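Just so you know, the protein sequences line up as chains A and B, in that order.
For any residue, its number in this note's numbering is found by taking its place in the first sequence, counting from 1, and adding 348.
For any residue, its number in this note's numbering is found by taking its place in the second sequence, counting from 1, and adding 348.
Beta carbons are placed, not taken as given, at the ideal position from N, Cα and C, and that holds for glycine.
Just so we're clear, the structure is a prediction, and the values are computed from it rather than from any experiment.
There are 2 protein chains.
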Amino acid sequence: MHNITVALDAMGGDFGPSVTVPAAVQALSLFPELKVIVVGDKPSIEQHILTLGYGDNPRLSVVHSDRIISNTEKPSFALRHSRDTSMRIALDLVESDQADACISCGNTGALMALSRFRLKLLPGIDRPALVAALPSASGQKTWMLDLGANASADAESLFQFAVMGSALAEQHLATKPRVAILNIGAEEIKGNDLVKRCAEMMSQTPSINYIGYIEGNEILHDVADVVVCDGFVGNTVLKASEGTAQLFLNKLKARLGASTFKGWIARILFSDLINEVKTLNPDQYNGASLLGLRGIVIKSHGSADVSALVHAIGEAVHEVKRQVPNKISDRLEAVLLERQY
Amino acid sequence: MHNITVALDAMGGDFGPSVTVPAAVQALSLFPELKVIVVGDKPSIEQHILTLGYGDNPRLSVVHSDRIISNTEKPSFALRHSRDTSMRIALDLVESDQADACISCGNTGALMALSRFRLKLLPGIDRPALVAALPSASGQKTWMLDLGANASADAESLFQFAVMGSALAEQHLATKPRVAILNIGAEEIKGNDLVKRCAEMMSQTPSINYIGYIEGNEILHDVADVVVCDGFVGNTVLKASEGTAQLFLNKLKARLGASTFKGWIARILFSDLINEVKTLNPDQYNGASLLGLRGIVIKSHGSADVSALVHAIGEAVHEVKRQVPNKISDRLEAVLLERQY
């Protein structure tokens with residue numbers, strides 16, 4: 349069994365070391381091959397390790413950083429002033445091969461800019477993309493990208509997102525992923541130039557299992573394994589789904605939480621319904637991957653709790669094992685060859 | 349009390365006269381000032397009127413059409429071959445002032461193209477927009493546009509959508525509508541050029557109560573009264589929300605429908621929950637308005653049942669009473685004057 353080392357930016361997110369350190373410790377117990385380098389304010393991190401009663405362990409090390417990138421910093425500013433920050437040092441550990449992947453709950457824009465600057469793009473990739481696994485009606489996952497790494501895209505980028513998403517989904521599925529383009533109508537004639545041009549490229553690429561357009565209401569209904577769209581659309585669509593799910597959850601919780609006889613019966617009979625329904629929230633899987641880089645970078649929600657962050661670390665472990673960046677490179681090369689003929 | 353006459357395309361949608369005729373009759377009993385001209389295959393419509401036991405009534409008249417526009421027809425084809433179709437005749441009744449509004453459950457693309465061709469755009473409007481009222485957490489409505497009348501937009505169009513949406517929402521609200529632009533982040537720096545340029549125009553227009561950017565998860569949470577975005581984003585976001593809501597409803601229905609003791613108790617205690625939760629589905633209000641035209645056109649869902657279509661007819665009645673196209677014109681003129689100074 350090969351060791352897998354991840355660099356964890358301990359300072360990002362809403363809770364800092366009080367969540368990141370327990371998550372690191374929990375991940376170590378879950379993944380026997382894992383080593384974690386926790387990057388951040390050393391005294392604070394060591395205090396949290398002590399509090400957990402977790403003694404010296406060669407699998408858990410701490411690298412000190414003096415500064416953090418705040419959530420309100422612009423990516424361009426963060427890029428120029430990243431030295432000595434926990435996020436930058438965690439990425440540098442990947443760049444220098446001391447770690448196999450980086451995980452951060454910090455400023456998304458800064459993480460994307462810094463990742464691109466430190467790790468560089470894979471050959472043939474013009475822009476990185478943020479991808480996440482969404483739940484679906486049937487219990488299957490659906491990968492959607494781009495979720496906001498870019499505020500706009502051209503057809504070539506959209507096509508590259510499809511190739512990357514397909515290569516990633518392949519590492520999770522037994523079958524060839526069904527790839528669809530998100531559009532405003534399933535008919536050939538509908539949509540803007542961007543999706544039409546991308547559709548043309550997809551249909552000329554036999555190695556991608558392109559199934560055509562899908563509409564927004566089909567995303568969570570297991571119609572496709574990979575859904576491709578530009579970052580503006582992906583981000584707004586995902587957040588709108590999360591907002592809708594939250595509305596329903598709140599309503600259900602209010603019903604089950606009522607201090608009435610009905611509420612009491614409801615809690616006895618249906619306390620599991622909330623959990624069942626929660627699994628339908630697009631927000632449930634924490635850990636979005638930044639694809640297209642020469643290294644593995646996982647973005648966790650800023651508001652992630654311990655178990656959510658452990659899930660994001662697990663995604664990093666999975667991608668290291670499967671060597672996702674290499675798989676993307678290989679797939680891209682094959683596609684480019686196809687397109688030359 | 350002034351009479352209000354609406355022309356109802358009886359042939360569009362999934363069910364034709366079996367839904368449109370009962371909806372017309374129901375609307376007549378709800379709105380005493382209403383007259384309905386039902387346009388479509390006369391023998392079939394008259395048969396349905398007879399079946400309902402609804403005798404001769406000067407408030408309900410039938411105009412015969414030989415043909416219908418199918419749901420699969422391209423808008424450009426429909427435009428060239430619209431003569432003698434129910435949709436075209438219903439729109440012509442508005443154009444010739446024989447009706448105050450047109451309602452159709454038919455082909456959306458064809459309805460948009462034909463409406464623009466027959467009724468023309470209001471002065472100062474470059475593109476029409478499809479707007480609908482969405483439910484929100486607090487029970488208030490939120491108007492969102494464009495929902496797909498255009499597959500793309502420029503900043504000037506987006507700005508016009510904001511003016512039109514604000515003028516429409518004003519006719520429903522007691523306060524000045526809060527207008528927001530949908531974006532991928534609330535910070536000033538985020539988003540694409542389109543939303544940034546539109547935001548600049550909005551902030552220079554005092555007569556619009558512009559409150560800034562909102563993100564997708566806030567749409568249904570009563571943060572803004574009017575949400576502006578391009579038609580591609582609006583359509584995918586709305587449908588994704590509907591898809592998420594449907595997923596939850598299905599889960600809940602399965603639980604309440606189970607033929608077990610738990611299911612039996614659940615039905616007794618929570619049969620009203622389904623209805624309560626249904627009110628959160630963005631799909632609940634039928635009747636999207638096509639704004640920016642010199643006439644009132646309401647698009648109903650193709651799958652609308654009788655009560656949903658009655659809701660769409662009610663929206664038409666409301667817009668006629670409030671003279672929405674005039675209100676939009678006035679508001680636009682005021683805004684253009686503001687921008688000259």
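Out of B/Leu685, B/Ser648, B/Gly640 and B/Asp620, state which residue places its alpha-carbon closest to the alpha-carbon of B/Gln632.
Working through the second sequence from its first residue, we reach residue 632 of chain B at position 284. Taking B/Gln632 as reference, the option from B/Leu685, B/Ser648, B/Gly640 and B/Asp620 with the minimal CA-CA separation is B/Ser648.
Is there a C-beta anywhere in chain A that falls below 8 Å from the one on B/Gly454?
In the second sequence, residue 454 of chain B corresponds to position 106, counting from 1. So no, B/Gly454 is outside the interface.
Hey, is A/Phe596's beta-carbon within less than 8 Å of any beta-carbon in chain B?
Taking the first sequence and counting its residues from 1, the one referred to as residue 596 of chain A is at position 248. It does; some Cβ of chain B falls within 8 Å.
Give me the Cβ distance between A/Phe596 and B/Leu628, rounded to the nearest whole Å; I'm assuming they're in contact under 8 Å.
Indexing the first sequence from 1 puts residue 596 of chain A at position 248. Indexing the second sequence from 1 puts residue 628 of chain B at position 280. 6 Å between Cβ atoms; contact.
What three-state label does DSSP hand A/Asp573 in the structure shown?
Here residue 573 of chain A refers to the residue found at position 225 when the first sequence is read from its first residue. Looking at A/Asp573 - three-state DSSP - the assignment turns out to be coil, as it is neither helix nor strand.
Cross-chain neighbours of A/Leu657 in chain B, by beta carbon under 7 Å:
Within the first sequence, numbered from 1, the residue matching residue 657 of chain A stands at position 309. Under the 7 Å cutoff, chain B gives no residues; its nearest Cβ is about 21 Å from A/Leu657.
Cα-Cα separation between A/Asp448 and A/Val645, rounded to whole angstroms:
Here residue 448 of chain A refers to the residue found at position 100 of the first sequence. Here residue 645 of chain A refers to the residue found at position 297 of the first sequence. Straight-line Cα distance between these residues: approximately 9 Å.
Say whether chain A places a C-beta atom closer than 8 Å to the C-beta of B/Ser500.
The residue given as residue 500 of chain B occupies position 152 in the second sequence. Interface residue (Cβ-Cβ distance to chain A less than 8 Å): B/Ser500 is classified as such.
Partner residues on chain B for A/Ile613, Cβ-Cβ distance less than 8 Å:
Residue mapping note: residue 613 of chain A aligns to position 265 of the first sequence, counting from 1. Residues of chain B whose Cβ lies closer than 8 Å to the Cβ of A/Ile613 are, in chain order, Ile613 and Leu617.
For A/Asp412, the residue or residues it bridges with in DSSP
Here residue 412 of chain A refers to the residue found at position 64 of the first sequence. According to the sequence provided, residue 412 of chain A is His. The question's Asp does not apply to it. Paired residue(s): A/Gly388.
For B/Asp432, the three-state DSSP class (helix, strand or coil):
What you label residue 432 of chain B is simply residue 84 of the second sequence in a count that begins at 1. B/Asp432 carries a coil assignment under DSSP once its states are collapsed to helix, strand and coil.
Would you say A/Asn540 lies against chain B (beta-carbon separation less than 8 Å)?
Walking along the first sequence from the start, residue 540 of chain A turns up at place 192. Answer yes: the Cβ-Cβ gap between A/Asn540 and chain B drops below 8 Å somewhere.
Since I believe A/Glu663 is in contact with A/Gly635 (beta carbons under 8 Å), could you give me their beta-carbon distance rounded to a whole number of angstroms?
If you number the first sequence from 1, residue 635 of chain A lands on position 287. If you number the first sequence from 1, residue 663 of chain A lands on position 315. The Cβ separation is near 4 Å, so the contact holds.
Which residues of the segment 555–577 of chain A have a Cβ closer than 7 Å to any Cβ of chain B? Give them in chain order.
Cβ contacts with chain B come from Glu563, Gly564, Asn565, Glu566, Ile567, Leu568 and His569.
For A/Cys546, which three-state DSSP category applies?
In the first sequence, the residue the question calls residue 546 of chain A occupies position 198. Note: A/Cys546 maps to helix in three-state DSSP.
What residue from A/Lys675, A/His350 and A/Asp362 has the CA that sits closest to A/Gln519's CA?
Working through the first sequence from its first residue, we reach residue 519 of chain A at position 171. It is A/Lys675.
Just checking: is the beta-carbon of A/Ala588 within a distance shorter than 8 Å of some beta-carbon in chain B?
Reading the first sequence from its first residue, position 240 is the one you call residue 588 of chain A. At a cut-off of 8 Å between C-beta atoms, A/Ala588 counts as an interface residue with respect to chain B.
7 Å Cβ shell around A/Met549 - same chain, five flanking residues per side excluded
In the first sequence, the residue the question calls residue 549 of chain A occupies position 201. These residues qualify, in order along the chain: Ala503 and Phe507.
Taking just the CA atoms, how far does B/Val581 sit from B/Ile562?
What you label residue 562 of chain B is simply residue 214 of the second sequence in a count that begins at 1. What you label residue 581 of chain B is simply residue 233 of the second sequence in a count that begins at 1. Here the alpha carbons of B/Val581 and B/Ile562 stand approximately 14 Å from one another.
Could you tell me which residues DSSP pairs with A/Leu641 in its beta bridges?
By 1-based counting over the first sequence, the position of residue 641 of chain A is 293. Under DSSP, A/Leu641 shares a beta bridge with A/Leu469.
Listed in chain order, which residues of the segment 620–643 of chain A have Cβ atoms closer than 8 Å to some Cβ of chain B?
From the segment 620–643 of chain A, only Leu621, Glu624, Val625, Leu628 and Pro630 have a Cβ closer than 8 Å to chain B.
Using the DSSP secondary-structure output, state which residues sit across from A/Val527 in a beta bridge.
Indexing the first sequence from 1 puts residue 527 of chain A at position 179. According to DSSP, residue pairing for A/Val527 in a beta bridge involves A/Tyr558 and A/Val574.
Can the beta-carbon of B/Leu356 be found less than 8 Å from the beta-carbon of B/Ala372?
As a working note, residue 356 of chain B is residue 8 in the second sequence. As a working note, residue 372 of chain B is residue 24 in the second sequence. Their beta carbons are under 8 Å apart, which means B/Leu356 touches B/Ala372 by this criterion.
Flag this pair as touching only if the segment 569–576 of chain B and the segment 598–612 of chain B have three or more C-beta atom pairs under 8 Å; answer yes or no.
Judged by Cβ distances under 8 Å, the segment 569–576 of chain B makes no contact with the segment 598–612 of chain B, as fewer than three pairs qualify.
Looking at C-beta atoms only, is the number of pairs between the segment 667–682 of chain A and the segment 455–465 of chain A that lie closer than 8 Å three or more?
No, the segment 667–682 of chain A does not touch the segment 455–465 of chain A.
Just to confirm, are B/Leu617 and A/Ala614 a CB contact at a threshold of 8 Å?
On the second sequence, position 269 is the one that residue 617 of chain B refers to. On the first sequence, position 266 is the one that residue 614 of chain A refers to. Result yes, Cβ atoms of B/Leu617 and A/Ala614 sit closer than 8 Å.
With a threshold of 8 Å, are at least 3 pairs of Cβ atoms found where one atom belongs to the segment 365–380 of chain B and the other to the segment 653–668 of chain B?
Segment contact: the segment 365–380 of chain B against the segment 653–668 of chain B, three or more CB-CB distances shorter than 8 Å; contact assigned.
Residue-level contact to chain A via CB, B/Val384, 8 Å cutoff:
One-based indexing of the second sequence puts residue 384 of chain B at position 36. With 8 Å as the cut-off, B/Val384 does not count as an interface residue toward chain A.
Just the chain A side, please: which residues come within less than 7 Å of B/Leu506 by C-beta, in chain order?
Position 158 of the second sequence, counted from the first residue, corresponds to residue 506 of chain B. Residues of chain A whose Cβ lies closer than 7 Å to the Cβ of B/Leu506 do not exist; the shortest such Cβ separation is about 13 Å.
Bridge partners for A/Lys647 per DSSP, in chain order?
Locating residue 647 of chain A in the first sequence gives position 299, counting from the first residue. Under DSSP, A/Lys647 forms a beta bridge with A/Ser452 and A/Ala636.
B/Met492 - DSSP class collapsed to helix/strand/coil:
If you number the second sequence from 1, residue 492 of chain B lands on position 144. In this structure, DSSP gives B/Met492 an extended state, which the three-state scheme calls strand.
What three-state label does DSSP hand B/Leu628 in the structure shown?
Reading the second sequence from its first residue, position 280 is the one you call residue 628 of chain B. In the displayed model, B/Leu628 falls within coil according to three-state DSSP, outside both helix and strand.
Where B/Leu530 and B/Val575 are concerned, what is the direct C-alpha to C-alpha distance, given to the nearest angstrom?
Here residue 530 of chain B corresponds to residue number 182 of the second sequence, with the count starting at 1. Here residue 575 of chain B corresponds to residue number 227 of the second sequence, with the count starting at 1. Pairing B/Leu530 with B/Val575, the inter-Cα distance amounts to about 6 Å.
Return no unless some Cβ of chain B is closer than 8 Å to the Cβ of A/Arg415.
Your numbering for residue 415 of chain A matches position 67 in the first sequence. Answer no: the Cβ-Cβ gap between A/Arg415 and chain B never drops below 8 Å.
How many Å lie between B/Gly513 and A/Pro391 at the Cα?
Along the second sequence, read from residue 1 onward, the residue named residue 513 of chain B stands at position 165. Along the first sequence, read from residue 1 onward, the residue named residue 391 of chain A stands at position 43. Taking the Cα positions, B/Gly513 is about 54 Å away from A/Pro391.
Helix, strand or coil, according to DSSP, for A/Lys422 in the structure here?
Indexing the first sequence from 1 puts residue 422 of chain A at position 74. In this structure, A/Lys422 counts as coil in the three-state DSSP scheme.
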